[in-house]
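Colleague: As they're listed, the protein sequences go chains S and H. FYI, the numbering for the first sequence is 41 to 401, going by the numbering used here. FYI, the numbering for the second sequence is 78 to 310, going by the numbering used here.
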Amino acid sequence: MTREDEHIQARFAGSLGGFSLAVRFECPMQGITALFGPSGCGKTTILRCVAGLQRMAGRLRVGAETWQDDAKRLFLRPHRRPIGYVFQEAGLFRHLSVRRNLEYGLTRIAPGERRVRPDEVADLMGIQDLLERRPDRLSGGQRQRVAIARALLTSPRLLLMDEPLASLDRKSKQEILPYLERLHDELAMPVLYVSHAPDEVARLADHLVLLEAGRVRASGRLGDLRARLDLARDLGAEADAIIEAEITAHDPAYHLSYLDFSGGRFSVARIGLPIGHKVRLRVLARDVSITLQPQTDTSILNIFPALVAGLAENDAARTLVRLDLAGTPLLAGITRKSAERLQLTPGKRVYAQVKAVALVE
Amino acid sequence: MPELAGIWSPIRLTLALASITTLVLLILGTPIAWWLARSKSLWKEVVATLVALPLVLPPTVLGFYLLVALGPNGPGGWVAGRFGGHSLAFRFEGLVIGSVLYSLPFVVQPIRNAFEALGERPLEVAATLRASPWDAFWSVAVPLARPGFLTGTVLGFAHTVGEFGVVLMIGGNIPGETKVLSIAIYDYVETLQWAQAHLVAGGMLAFSFVVILTTFLLERRIGRAGTDALNHR
Numbered sequence: 041m042t043r044e045d046e047h048i049q050a051r052f053a054g055s056l057g058g059f060s061l062a063v064r065f066e067c068p069m070q071g072i073t074a075l076f077g078p079s080g081c082g083k084t085t086i087l088r089c090v091a092g093l094q095r096m097a098g099r100l101r102v103g104a105e106t107w108q109d110d111a112k113r114l115f116l117r118p119h120r121r122p123i124g125y126v127f128q129e130a131g132l133f134r135h136l137s138v139r140r141n142l143e144y145g146l147t148r149i150a151p152g153e154r155r156v157r158p159d160e161v162a163d164l165m166g167i168q169d170l171l172e173r174r175p176d177r178l179s180g181g182q183r184q185r186v187a188i189a190r191a192l193l194t195s196p197r198l199l200l201m202d203e204p205l206a207s208l209d210r211k212s213k214q215e216i217l218p219y220l221e222r223l224h225d226e227l228a229m230p231v232l233y234v235s236h237a238p239d240e241v242a243r244l245a246d247h248l249v250l251l252e253a254g255r256v257r258a259s260g261r262l263g264d265l266r267a268r269l270d271l272a273r274d275l276g277a278e279a280d281a282i283i284e285a286e287i288t289a290h291d292p293a294y295h296l297s298y299l300d301f302s303g304g305r306f307s308v309a310r311i312g313l314p315i316g317h318k319v320r321l322r323v324l325a326r327d328v329s330i331t332l333q334p335q336t337d338t339s340i341l342n343i344f345p346a347l348v349a350g351l352a353e354n355d356a357a358r359t360l361v362r363l364d365l366a367g368t369p370l371l372a373g374i375t376r377k378s379a380e381r382l383q384l385t386p387g388k389r390v391y392a393q394v395k396a397v398a399l400v401e
Numbered sequence: 078m079p080e081l082a083g084i085w086s087p088i089r090l091t092l093a094l095a096s097i098t099t100l101v102l103l104i105l106g107t108p109i110a111w112w113l114a115r116s117k118s119l120w121k122e123v124v125a126t127l128v129a130l131p132l133v134l135p136p137t138v139l140g141f142y143l144l145v146a147l148g149p150n151g152p153g154g155w156v157a158g159r160f161g162g163h164s165l166a167f168r169f170e171g172l173v174i175g176s177v178l179y180s181l182p183f184v185v186q187p188i189r190n191a192f193e194a195l196g197e198r199p200l201e202v203a204a205t206l207r208a209s210p211w212d213a214f215w216s217v218a219v220p221l222a223r224p225g226f227l228t229g230t231v232l233g234f235a236h237t238v239g240e241f242g243v244v245l246m247i248g249g250n251i252p253g254e255t256k257v258l259s260i261a262i263y264d265y266v267e268t269l270q271w272a273q274a275h276l277v278a279g280g281m282l283a284f285s286f287v288v289i290l291t292t293f294l295l296e297r298r299i300g301r302a303g304t305d306a307l308n309h310r
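(1) Give me, in chain order, the residues of the same chain whose beta-carbon lies closer than 8 Å to that of L363 (chain S); leave out the 5 immediate sequence neighbours on both sides.
(2) If we call anything under 9 Å between Cβ atoms a contact, is T255 (chain H) one with R168 (chain H)?
(3) Which residues does DSSP pair with V308 (chain S) in a beta bridge?
(4) In terms of DSSP beta bridges, what is V102 (chain S) paired with?
(5) Chain S partners of V231 (chain H), CB-CB under 9 Å?
(6) How would you write the range of the beta strand (DSSP E) that N354 (chain S) sits in, first residue to last?
(7) To the nearest angstrom, how far is the alpha carbon of M246 (chain H) from that of T99 (chain H)?
(8) Is the CB of D212 (chain H) under 9 Å away from at least one CB in chain S?
(9) DSSP three-state label for G124 (chain S), please.
(10) Cβ of T205 (chain H) less than 9 Å from any chain S Cβ?
(11) Look at the alpha carbon of G92 (chain S) and the alpha carbon of H119 (chain S), and state the distance between them as a whole number of angstroms.
(12) Cβ atoms of G145 (chain S) and T194 (chain S): under 9 Å apart, would you say?
(13) Using DSSP bridges, identify the partner residues of Y391 (chain S).
(14) Are the beta-carbon atoms belonging to A289 (chain S) and I315 (chain S) less than 9 Å from one another?
(15) Who are the neighbours of L221 (chain H) on chain A, taking C-beta pairs under 8 Å?
(16) For F59 (chain S), count the other beta carbons within 10 Å of its own beta carbon; 16 or more makes it buried, fewer makes it exposed. Which is it?
(17) Strictly under 9 Å for the Cβ-Cβ distance: is T368 (chain S) near chain H by that measure?
(18) Given 8 Å as the limit, is there contact between the stretch 205–216 of chain S and the stretch 47–63 of chain S, that is, 3 or more CB pairs closer than that?
(19) Does V257 (chain H) come out as helix, strand or coil in the three-state DSSP assignment?
(20) Apart from the five residues on each side of it in sequence, which residues of its chain come closer than 7 Å, Cβ to Cβ, to R310 (chain H)?
(21) Go through the stretch 121–173 of chain H residue by residue and report every complete run of the alpha helix (DSSP H) that reaches 4 residues or more, in order.
(22) Identify the residues that DSSP records as bridge partners of C67 (chain S): which are they?
(23) Of all Cβ atoms in chain H, is any one closer than 9 Å to the Cβ of P118 (chain S)?
(24) Under 9 Å, Cβ to Cβ, is there at least one residue of chain S near A208 (chain H)?
(25) Return the CA-CA distance between V124 (chain H) and N150 (chain H), expressed in angstroms with no decimal places.
(26) Secondary structure at H309 (chain H), three-state DSSP: helix, strand or coil?
(27) Determine the direct distance from the alpha carbon of W215 (chain H) to that of V257 (chain H), and round the result to whole angstroms.
(28) Does the Cβ-Cβ distance between L132 (chain S) and V126 (chain S) come in under 9 Å?
(29) From H:A272, H:G242 and H:V219, pick the residue whose C-alpha is nearest to that of I104 (chain H); which is it?
(30) Let's see if you can read the secondary structure: which residues bound the alpha helix (DSSP H) around A91 (chain S)?
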């Protein structure tokens with residue numbers, strides 16, 4: 041397999057009722073890639089182009105296959121693309137029971153291509169008890185789980201999800217998120233996930249394509265992108281970094297858990313997860329301060345040696361500092377006055393003090 | 078007790094005419110309704126107007142043109158010539174053609190409305206689940222448009238049973254060939270057989286009432302299972 045075979049390469053351009061779109065991006069054929077941006081930035085249109093539901097000029101390669109290539113007059117019709125698509129409002133067929141809805145896609149692929157088993161999926165999505173019901177007898181969260189299961193049963197090579205949580209209330213959202221995580225952990229299926237909710241993206245995505253007004257602003261691994269200064273500056277008080285860590289120990293005496301990452305060890309209030317579990321931590325830039333010497337007479341537990349990687353002035357008063365903690369990026373939001381007093385320049389050795397950290401999964 | 082021996086032939090003829098006409102209308106009307114519901118072509122409005130014309134034209138106008146078209150010098154006569162006849166007018170086949178044209182809007186319109194109400198989404202969902210357009214039409218569009226098909230079928234049947242003007246123009250009053258119930262009533266009245274006229278007219282009134290009431294009740298039952306094409310939250 042060549043490098044291209046493990047990637048999705050997309051290029052689309054066109055206009056749609058006064059809105060113009062011109063995007064080009066590449067993402068890996070594994071994990072969850074979030075198409076992220078404000079409403080109206082074109083993310084759903086891109087997803088529809090990938091599915092073939094909408095046609096714009098361009099080229100689309102998924103792994104070793106080409107689904108669209110205008111130069112060769114090639115355009116695979118949607119029902120010939122090995123995709124699964126989860127729409128925002130579930131879209132269950134109301135004239136069919138849950139079971140028949142699930143079978144709709146399953147029976148339309150060749151028996152040899154059925155890699156996903158119905159009972160496994162029903163288990164994974166927790167819908168075993170709903171099979172004989174009519175769709176109008178389901179709650180919003182249940183419907184969305186059935187829709188996801190129905191898409192999975194076509195054994196897609198690529199799963200497309202268009203804000204599957206957007207139409208749900210908070211409770212149903214909380215009910216579905218764990219299933220999406222299981223999907224991520226248990227099925228090796230690449231997912232393109234459209235969302236405008238930063239917390240959803242922080243929790244689920246591995247890879248990010250950041251969109252703005254029909255253009256790709258940036259794309260890359262989630263951790264790298266979140267800590268990029270130019271992008272983070274726009275987020276203002278919400279600027280943050282996502283750190284992947286592993287639970288390595290619990291301290292029953294102080295009721296703490298220890299989480300290791302490339303730059304050191306976090307101590308946090310005890311987490312009810314087993315040792316060895318991988319978690320994602322979200323650290324807001326405003327919760328990180330910088331010292332030149334390691335402080336010992338402080339209440340802050342999480343202090344890490346770091347290198348200044350870059351600085352960006354937020355406004356007249358504030359500066360955003362990008363730190364490198366042995367490979368893990370972290371953002372610190374400090375005043376411009378402090379930055380000058382500490383004489384922060386790229387390459388300088390400092391200590392990052394992290395006041396608060398949030399678990400995102 | 079009035080003399081009713083002659084009544085069975087018009088009843089049989091009316092039922093045969095209405096059944097065959099409805100069947101032909103469903104076969105012809107469904108693709109027309111589908112095209113009208115989904116096409117973006119400019120011709121769409123022209124075709125929609127042609128289909129709707131029988132709603133406003135006096136039946137005698139339609140009947141007149143049909144008489145010309147089906148007669149020995151029209152295309153109908155040419156077709157009849159292939160089969161050894163010389164005209165389709167004043168024949169049962171001619172009645173079927175006339176009834177199909179006359180009842181077309183009553184079948185096409187409800188089915189078109191039902192297809193339009195589906196929207197794009199169920200078909201897109203079907204496509205992402207590997208259904209070809211043809212497959213999706215039968216497995217998704219038609220079942221979801223069931224109320225429209227029910228209404229179209231009943232209206233097409235009932236309207237054919239009730240037509241008079243067109244039949245009189247192109248069918249005349251030939252017992253066993255073109256003498257349907259509505260013509261029979263006219264005949265009874267003309268010949269002052271009031272008792273028979275009362276019986277047939279009353280029977281048709283009751284028939285129409287029962288048919289339409291049944292449709293409304295069925296529609297309500299289907300409607301209760303959800304009226305929009307897909308389940309939103």
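Beta carbons: idealized from backbone N, C-alpha and C, even for Gly. This structure is a prediction, so every number in the text was calculated from the model and none was measured.
Modeller: Concretely, from the data shown:
(1) V328, I330, A346, L347, V348, A349, P369, L370, L371, A372, V390 and A392
(2) yes
(3) S:S297
(4) S:I48 and S:E105
(5) Ordered by position in chain S, no residue passes the 9 Å Cβ test against V231 (chain H), which lies about 20 Å from the chain.
(6) Looking at the DSSP string, N354 (chain S) is not in any beta strand (DSSP E), and its letter there is neither H nor E.
(7) 21 Å
(8) yes
(9) strand
(10) yes
(11) 9 Å
(12) yes
(13) S:T331 and S:P345
(14) yes
(15) Going by chain labels, chain A is absent from the structure shown, which instead holds the protein chains S and H.
(16) exposed
(17) no
(18) no
(19) coil
(20) Confidence at R310 (chain H) is low in this model, with a pLDDT of 34, below 50, so the placement of that residue is unreliable and no value is reported for it.
(21) 136–147 and 152–159
(22) S:I48
(23) yes
(24) yes
(25) 27 Å
(26) Reliability of the predicted coordinates at H309 (chain H) is poor, the pLDDT of 39 falling under 50, and the value obtained from them is presented with this limitation in mind. Coil.
(27) 36 Å
(28) no
(29) H:V219
(30) K83 to A91
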